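Q: Heads up, the sequence shown is in the numbering used here, so the first residue is 2 and it goes up one at a time.
Glycine residues also receive a C-beta, built at the ideal position from the N, C-alpha and C atoms.
Fair warning: this is a prediction, and the values are worked out from it, not measured in the lab.
The structure's right below; bear with me while I get my questions together.
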Amino acid sequence: MIDPTEPSKPSPEDNHDPDEHHRRMRFQWHDLMEDLIEDGRRRGLFDALPGAGKPLNLDRNIYEGSNTLANQLMKDNDIHPAWLSNRLGVVEKIERFRSEMSRTWERYRSAFDQAQGQSHRQALNVGWDEVCRSWQSRIEEINKEIASYNLKRPREQMELYALRLVDELKRIEAPRFLL
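What follows is the structure in structure tokens.
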């Protein structure tokens with residue numbers, strides 16, 4: 002707001018002398034900027050700025066690279082990079098597979114412990130062998146997805162290691178052959 006009782010100070014825009022303007026720009030630029038800001042404040046140019054009264058976001062660094070800005074935009078909008086979504090999908094498949102392996106092993110172990118007679122144990126052994134073979138083929142499928150992920154991931158991110166049936170059986174403390 003302009004105070005009518007205050008003597009009006011000539012605005013820098015009112016000065017039509019180009020030489021004076023250039024001289025002030027060259028030697029008194031700080032004073033000129035202050036004058037322009039003060040003049041704008043008096044005329045109310047700063048009264049209705051968007052975001053007025055809100056805290057400043059000081060987390061952003063305008064000098065950071067474009068990847069940082071892109072990642073921040075994705076984070077703010079709850080969007081995952083494709084490689085991360087791919088990783089989460091592969092890890093979820095591995096966890097489901099391991100959970101299924103554990104449940105199946107518990108059923109076979111319990112049935113084998115309670116089996117009466119050699120023929121029943123051999124039938125369980127044949128079934129266990131078929132299960133292990135099917136797991137081997139599933140491991141090969143999962144390993145293809147792991148290899149695909151490892152090719153797409155950024156170098157800085159941890160790679161996923163290929164699964165091996167022997168290691169997965171050790172994880173659940175199951176033998177390859179029951180007999």
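Residues in its own chain within less than 6 Å of W106 by CB, not counting five upstream and five downstream?
A: What you label residue 106 is simply residue 105 of the sequence shown in a count that begins at 1. Shown here for W106: same chain residues with a beta carbon closer than 6 Å to its own, the five before and five after excluded, namely I173, A175 in chain order.
Q: Which same chain residues, not among the five before or five after K153, have their C-beta less than 8 Å away from its C-beta?
A: Residue numbering aside, residue 153 sits at position 152 when the sequence shown is read from its first letter. Taken in chain order, the residues that qualify are A83, W84, N87.
Q: Can you check which of these residues, R156, E160, V132, is closest to N144 by C-alpha distance?
A: Counted from its first residue, the sequence shown places residue 144 at position 143. Ranking the options by Cα distance to N144, first place goes to E160.
Q: If you scan the region 144–169 from start to end, which runs of the alpha helix (DSSP H) of 4 or more residues do you find wholly inside it?
A: none
Q: Is it buried or exposed for I80, if we count other Cβ within 10 angstroms and need 16 for buried?
A: Position 79 of the sequence shown, counted from the first residue, corresponds to residue 80. Taking every protein chain shown into account, the CB of I80 has fewer than 16 other CB atoms within 10 angstroms, so this residue is exposed.
Q: Quick check on N78: does DSSP put it in helix, strand or coil?
A: As a position in the sequence shown, residue 78 is number 77, starting the count at 1. Here N78 sits in coil by DSSP.
Q: Is K94 helix, strand or coil when you go by DSSP?
A: Position 93 of the sequence shown, counted from the first residue, corresponds to residue 94. Collapsing the DSSP output to three states places K94 in a helix.
Q: Report the rounded CA-to-CA distance for M2 versus E65, giving the unit in angstroms.
A: Translated into positions along the sequence shown, residue 2 becomes position 1. Translated into positions along the sequence shown, residue 65 becomes position 64. For M2, the pLDDT reaches just 47, beneath the cut-off of 50, and the residue's location in the model is therefore unreliable, although a value from the coordinates is still provided. Each residue's Cα considered, the two are about 39 Å apart.
Q: For Y109, which residues of its own chain have a beta-carbon under 6 Å away from its beta-carbon, when the five flanking residues on both sides are left out?
A: By one-based count along the sequence shown, residue 109 stands at place 108. Closer than 6 Å at Cβ, skipping near neighbours: W129.
Q: For K76 and N68, I'd like the C-alpha separation in whole angstroms.
A: The residue you call residue 76 lines up with position 75 of the sequence shown. The residue you call residue 68 lines up with position 67 of the sequence shown. If you take the alpha carbons of K76 and N68, they lie about 12 Å apart.
Q: What does the alpha-carbon distance come out to for the pair E131 and R97?
A: On the sequence shown, position 130 is the one that residue 131 refers to. On the sequence shown, position 96 is the one that residue 97 refers to. So the alpha carbons of these two residues sit roughly 19 Å apart.
Q: Under a Cβ-count criterion, where at least 16 other Cβ atoms within 10 Å of its own Cβ denotes burial, should I38 be classed as buried or exposed?
A: Counting from one through the sequence shown, the residue named residue 38 turns up at place 37. Exposed, since its Cβ has fewer than 16 Cβ neighbours within 10 Å.
Q: What is the rounded straight-line gap between the Cα of R122 and the Cα of E101?
A: Stepping through the sequence shown from its first residue, residue 122 is reached at position 121. Stepping through the sequence shown from its first residue, residue 101 is reached at position 100. Looking at the two C-alpha atoms, the distance is approximately 22 Å.
Q: For F155, which residues of its own chain have a beta-carbon under 8 Å away from its beta-carbon, when the five flanking residues on both sides are left out?
A: Looking up residue 155 in the sequence shown gives position 154. Per the sequence presented here, residue 155 reads as Pro, with Phe not at that position. Taken in chain order, the residues that qualify are W84.
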